[in-house]
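Position one of the sequence shown corresponds to residue 1 (the UniProt record's numbering), numbered consecutively onward. Here is the structure we will look at, set down as structure tokens.
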Amino acid sequence: MPRKAIFNTRAPLIMLKILCTKICNQLYLPKKPNNNYTQNLLPFPSNLKESSTTPNQTLVFGLERVLLKSCSIFPYFMLVAFEAGGPLRALVLLLLYPFVCLAGEELGLKIMVFVCFVGIKADSFRAGRAVLPKFFLENVGKQGFDMVMKWERKVGLTNMPRVMVEGFLREYLGIEDVLGRELKLCCGFFVGLMEEKREQFGMEKMDPHHVIGLIGSNTKSFGHELTSLCKAIYLVSEAEKRTWEVLPREKYPKPLIFHDGRLAFMPTPLASLALFMWIPFGSFLFIIRSIVGILLPYKLSIPILSFTGMQGILLNPKSSFNFSTTPSQKPSKPKGRLYVCNHRTLLDPLFVSAALMKPLTAVTYSLSKVVESFSPIKTIRLTRNRDTDSKKMKELLSQGDLVVCPEGTTCREPYLLRFSPLFAELSDEIVPIALDFQVSMLYGTTAGGLKCLDPVLLLMNPTTICCVKVLDELPRQFKVGKSKFEVANHVQSQISKALDFECTSFTRKDKYMLLAGNEGIVKL
């Protein structure tokens, strides 16, 4: 082939290669930091606060690579996709994960933001306050936390949308300001695009001599932005972060009592893949467990359910309660015992009934009709009218044993909500029962989702562990001279001691106002 022909054939390919290289450099490569940034970048000192002599200084720190032990942000976007958008959106995000890795930090972030947020209504987005804080707290490094909390004024800097991290930083860590990018809206819905610049919230007005920056490696864009804002910028290396410990629960600035969402694990790429592979098997397992639990007697269903992964532990430490005896019968007294237990899942009354090996009647609030129709034990829905509910429960007690959860709603963490004192007026034969329930993959409770799916997702778990502790029956003379509130508080404290939980004064309304923005009343 002539030389001229070869040149003409390759020329368009060479020009296309040059054009693609320029586009990739604009999309993928971060801006080269200026000389100021390079000079101000200092190694992270262990005594950063003590080395500072200027009072009233402000610390600006990077959330992902300073405070969090693992800097991967994919799991948090997977949580948003699954909880706010649904399983199908989460599956799309998982399938796009290889492209996110190949696209680079900035473009990969934009892909995840678009998939997770496009079409989501802004007013109904509560994952940033109800779901993500739990997983952020479980990923906080103890050493990074101790360093950040030494400063009086702290400003969080994040590469994620501000709506994802603001609730965690403000409510649980007490961070005054958050520097992050806003999401664009159209008619009240997210369009899946971010503003190019982070909101500074008055940082430009601060004296750079009173601002210290603390960032992690591979965050040159952060350093470039902070050059004009900070006196000095310190770097936390990845090698140092590998030695960090996870922040223990007792050091949380604010206790994590309430959280929502269905996922009970950190959805890393491999864990998310395992979830979607398990769903067909979990659906089949749900059908098997439901049939066994509804149709078979306890003596047969308990071993079979245990074989399928639903483990149950019955503990009765030093209890004077006799399972075989019946309560003393008097014409003026109710015929049945009142079993009072804390509330962990929708199926708590079933676990109590199985532990005692006898049928019970359960009273519940806002129970879904779908769940009620398939319940193997008798369930009665309360009206939230005190007089009406009291008469109804007394009538049920006259017919047999009754189980009640005075918290009125479930709590996933090791805390007990305030007990309603209504049960203390109904019977002199009160048996406290302490329940603890652990799941491996999916939570069977929700504040803002579909409650009819609660038993489905609960029974889809690969394994569950239910621990039932039957405590001593309250002496008849215990209620003499005590108010119903004192009796309720005593039962709450007895159950908390048995489980090593902590008592709180929070109520059902507090939980639902925080997680769902309503009072938790289901419209049937």
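All C-beta atoms in this analysis are idealised placements derived from N, C-alpha and C, irrespective of residue type, glycine included. Keep in mind it's a predicted model, so treat the numbers as computed, not measured.
* Take the Cβ of C341 as the centre, count every other Cβ of all protein chains shown within 10 Å, and call the residue buried at 16 or more, exposed below. => C341 should be labelled buried.
* If you drop the 5 nearest sequence neighbours on each side, which residues of the same chain put their C-beta closer than 6 Å to that of A355? -> Counting only residues of its own chain and dropping the five nearest sequence neighbours on each side, A355 has a CB closer than 6 Å to the CB of L314, V468.
* Asked: Thinking C-alpha only, which one of V480, Y172, P414, K451 is nearest C503?
  -> Nearest C-alpha to C503: P414.
* Any idea which residues DSSP pairs M194 with across the strands? -> Bridge partners of M194: L183.
* K511 to W151, Cα distance in whole Å? -> Computed Cα separation, rounded: 31 Å.
* Asked: In whole angstroms, what separates the C-alpha of V80 from that of C101?
  -> Straight across, the Cα-Cα distance linking V80 with C101 is about 19 Å.
* To do: Could you tell me which residues DSSP pairs with D177 in its beta bridges?
  => DSSP output for D177 lists V155 as bridge partner(s).
* Asked: Which of the three DSSP states, helix, strand or coil, is assigned to K469?
  -> Strand at K469.
* **Whole-angstrom distance between R476 and S328, CA atom to CA atom** => Note that S328 scores 45 on pLDDT, short of 50, meaning its location in the model is unreliable and no value can be drawn from it.
* Closest by CA to I465, which one among L235, D123, K369, L435? -> Nearest C-alpha to I465: L435.
* So E83 and A127 are in contact, right, with Cβ under 8 Å, and what is the actual spacing, rounded? -> Cβ atoms of E83 and A127 come within 8 Å of each other, at about 5 Å.
* Asked: With DSSP run on the structure shown, which of helix, strand or coil describes C452?
  -> Helix, per DSSP.
* Asked: Does the Cβ-Cβ distance between V470 and N316 come in under 7 Å?
  -> Cβ atoms of V470 and N316: closer than 7 Å.
* **Neighbourhood of L305 by C-beta, 7 Å cutoff - its chain only, sequence neighbours within 5 removed** => For L305, where only same-chain residues beyond five positions count, the Cβ hits under 7 Å are R289, V292, G293.
* Asked: Distance, Cα to Cα, residue 525 vs L346?
  -> One cannot answer for residue 525 here, as it falls past the ends of the chain, which runs 1 to 524.
* Measure the CB-CB distance between L382 and V363 and report whether it falls below 7 Å. => L382 is a Cβ neighbour of V363, given a cutoff of 7 Å.
* **Y443, DSSP secondary structure in three states** => Coil at Y443, not helix or strand.
* Asked: Apart from the five residues on each side of it in sequence, which residues of its chain come closer than 7 Å, Cβ to Cβ, to G188?
  -> If we look at G188 and ignore the five residues flanking it on each side, its Cβ neighbours are K121, A122, D123.
* **Residue range of the unbroken alpha helix (DSSP H) whose run includes M266** => The continuous stretches of alpha helix (DSSP H) do not include M266, and DSSP gives it neither H nor E.
* Asked: Can the beta-carbon of K484 be found less than 7 Å from the beta-carbon of P406?
  -> No, the Cβ-Cβ distance between K484 and P406 is not below 7 Å.
* To do: With 7 Å as the threshold, decide whether the Cβ of V431 is near any Cβ in chain D.
  => Absence of chain D from the displayed structure is noted, only one protein chain being present.
* Would you identify the three-state DSSP class for D401, choosing helix, strand or coil? => D401: coil per DSSP, three-state reduction.
* **Beta-carbon proximity of S427 to L338, cut-off 7 Å** => Taking 7 Å as the Cβ cut-off, S427 and L338 qualify as a contacting pair.
* Per DSSP, Q311 forms a beta bridge with which residues? -> According to DSSP, residue pairing for Q311 in a beta bridge involves I465.
* Are the stretch 53 to 72 and the stretch 230 to 243 in contact at 8 Å, needing three or more beta carbon pairs? -> Yes, the stretch 53 to 72 touches the stretch 230 to 243.
* Got a sec? Which residues, its chain only, sit under 8 Å from A516 by beta carbon, not counting five neighbours each side? -> Within its own chain, the residues whose Cβ lies closer than 8 Å to the Cβ of A516, once the five positions on either side in sequence are excluded, are R126, A130, D260, A447, G448, listed in chain order.
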